[in-house]
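Protein chains in written order, with my numbering: chain B, 4 to 119; chain W, 17 to 130.
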């Protein structure tokens, strides 16, 4: 199994509070991603990173920010959580070849967030 | 619009039986197609990755087929086991090498009963 650890695995919070999810990898992969998974929907990309301090938006980035200060850590922050952000969040990593990403995409175990 | 549609949405089979899951896509330009298995409460795990030139690819009891002309793929599971109970997700890459262009299907939830 790829060395990906997400924390916390479960969190319940209230509307308007800030939340930070952490993804830690031990594979030294260049690319890291945050996805959300909701019933009836495929996984949707929130943000991704292609290197330290290099990040870009995905298709559902509104209300989320990310930071990557070290190769191994990728943080997802909800500045002011809303009920629509109740979801399961998955971190993923992949190797890179130049500026392209090839090969396997490895996922963490997920973080279940409930916003009341 | 790039889309990946999977059918059926859910499926129940008896242990030992075979089953086939379908994936239709409208994604362009096509790069590759992947099948993932996701156990309940776990992250997805890759089963196969197929490029444009590959028609069939096997991984143990899992066999994926790809028809790039009709934009259809199937995942066939042979001699099902209880451990095959999971969601199976079809993922299509819309850009050569661009992971930010991955389009995920909603998945087929398979239940294998004894």
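Even for Gly, the Cβ is constructed at its ideal location relative to N, Cα and C.
Minimum C-alpha distance to residue i - residue among the options
i	options	result
residue 58 of chain W	B:107, B:9, B:98	B:9
residue 86 of chain B	B:58, B:6, B:16, B:7	B:16
residue 77 of chain W	W:48, W:90, W:96, W:87	W:96
residue 56 of chain W	W:117, W:18, W:100, W:21	W:100
Neighbouring residues, chain W, relative to residue i (Cβ below 7 Å)
i	result
residue 107 of chain B	62
Contacts that residue i makes with chain B (C-beta to C-beta distance below 8 Å)
i	result
residue 20 of chain W	45
Under the three-state DSSP convention, the category residue i falls into
i	result
residue 117 of chain W	helix
residue 102 of chain B	In this prediction, residue 102 of chain B scores a pLDDT of 35, lower than 50, which makes its location untrustworthy; the coordinate-derived value is nonetheless stated afterwards. Three-state result, residue 102 of chain B: coil.
residue 28 of chain B	strand
residue 41 of chain B	coil
residue 19 of chain B	coil
residue 97 of chain W	coil
residue 70 of chain B	strand
residue 103 of chain W	strand
Listed by chain order, chain B residues near residue i by CB distance under 7 Å
i	result
residue 120 of chain W	45, 46
Amino acids of chain W, ordered along the chain, whose beta-carbon sits closer than 9 Å to that of residue i
i	result
residue 77 of chain B	Chain W residues near residue 77 of chain B: none, gap ~14 Å exceeds 9 Å.
residue 113 of chain B	57, 58, 59
Range of the contiguous beta strand (DSSP E) that encloses residue i
i	result
residue 19 of chain W	19–23
residue 80 of chain W	78–83
residue 8 of chain B	7–10
residue 125 of chain W	124–129
residue 73 of chain W	72–75
Cβ distance (whole Å) where residue i is taken to contact residue j below 8 Å
i	j	result
residue 48 of chain W	residue 109 of chain W	5 Å
residue 20 of chain W	residue 120 of chain W	7 Å
residue 67 of chain B	residue 80 of chain B	7 Å
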